[in-house]
Amino acid sequence: MDEFYQKTYLMIVFKWSYYYTRKNMKNVRCDIIEDTKDYHTVRFYLKNRVAFLTVWHNGIIEEQITDEEGKEIYFYLHYTLKSLSQFLSYYRDFMVVFLRDANPKHVKVGIVDQDGFSSSYLISLMKESLTIEKSNLEVESVSLSSLEEVEGDYDALYLSPSVMHLKGDIESIVSVPVYVIDPLVYATNDFYTLIHTILSK
371 MDEFYQKTYL
381 MIVFKWSYYY
391 TRKNMKNVRC
401 DIIEDTKDYH
411 TVRFYLKNRV
421 AFLTVWHNGI
431 IEEQITDEEG
441 KEIYFYLHYT
451 LKSLSQFLSY
461 YRDFMVVFLR
471 DANPKHVKVG
481 IVDQDGFSSS
491 YLISLMKESL
501 TIEKSNLEVE
511 SVSLSSLEEV
521 EGDYDALYLS
531 PSVMHLKGDI
541 ESIVSVPVYV
551 IDPLVYATND
561 FYTLIHTILS
571 K
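Numbering-wise (the numbering used here), the sequence shown opens with residue 371 and increments by one.
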């Protein structure tokens with residue numbers, strides 16, 4: 371990567387991680403604890419967990435999750451920044467691990483679509499990430515026609531854009547909370563945002 375772009379990307383990564391978290395993750399506190407000529411560090415707090423994202427000027431990014439005292443390390447990864455898409459991929463995994471500790475009870479949700487198959491790719495991405503991270507969140511596809519039979523199996527239902535217009539009708543026949551998946555999240559298969567949304571409810 372060109373040195374100019376690498377330095378620019380490093381500052382984008384540092385600032386974005388801080389401002390994105392402050393704006394979009396209300397249950398996560400964050401602050402900048404180091405801002406020197408050699409490195410920048412953002413610290414994230416969540417209950418009894420602390421996470422650090424350190425951006426070094428030589429192109430290295432470190433991600434770490436510890437207990438409050440810093441005695442036990444739950445996650446550690448360092449890598450050389452090659453592209454913004456690479457950073458986002460690693461950052462999403464980092465935050466999935468961090469956020470899963472915020473909600474330790476087992477949660478099972480159904481993703482509702484017309485036929486139970488339309489959301490299968492998104493669900494497979496979510497399951498892969500959740501399996502790798504040993505998450506307490508379980509997701510399954512639910513068809514509209516089987517909703518009444520299986521709704522008791524879930525803690526919540528999330529409606530795909532194809533059935534979101536039926537939210538009121540669905541709420542009247544089920545006893546669990548019903549949410550609508552943002553169409554942009556669904557269309558882009560942004561499993562990280564959907565996982566975060568579910569865990570923050």
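All C-beta atoms in this analysis are idealised placements derived from N, C-alpha and C, irrespective of residue type, glycine included.
Just so you know, these numbers come straight off a predicted model, no measurement behind them.
Assigned with DSSP and collapsed to three states, residue 544 falls in coil, not helix or strand. Here the segment 558–569 lies against the segment 462–482, with 3 or more beta-carbon pairs under 8 Å apart.
Residue 479 sits in a strand when the DSSP states are folded into three classes. Per DSSP, reduced to three states, the secondary structure at residue 410 is strand. Taking every protein chain shown into account, the CB of residue 457 has 16 or more other CB atoms within 10 angstroms, so this residue is buried.
The shortest CA-to-CA distance from residue 384 to any of 426, 397, 492 and 421 is the one to 426. The segment 476–491 makes contact with the segment 505–523, as at least three CB pairs between them are under 8 Å. Looking at the DSSP output, residue 424 shares a beta bridge with 411 and 432. For residue 511, the beta-bridge partners assigned by DSSP are 481. The alpha carbon of residue 432 has as its nearest neighbour, out of 423, 491 and 501, the alpha carbon of 423. The bridge partners DSSP lists for residue 448 are 432. The criterion of a C-beta distance shorter than 7 Å is satisfied by residue 436 and residue 420.
Residue environment analysis places residue 551 among the buried positions, since at least 16 neighbouring C-beta atoms fall within 10 angstroms of its C-beta. By the beta-carbon neighbour count (other beta carbons within 10 angstroms, threshold 16), residue 521 is buried.
By the C-beta density criterion, residue 486 is buried, having at least 16 other C-beta atoms within 10 angstroms. A direct Cα-to-Cα measurement between residue 390 and residue 467 gives close to 17 Å. As computed with DSSP, residue 526 is found in a beta bridge with 479. Taking a 10 Å sphere around the C-beta of residue 490, we find fewer than 16 other C-beta atoms and assign the residue as exposed. Distances from the alpha-carbon of residue 449 to those of 441, 443 and 429 put 429 closest.
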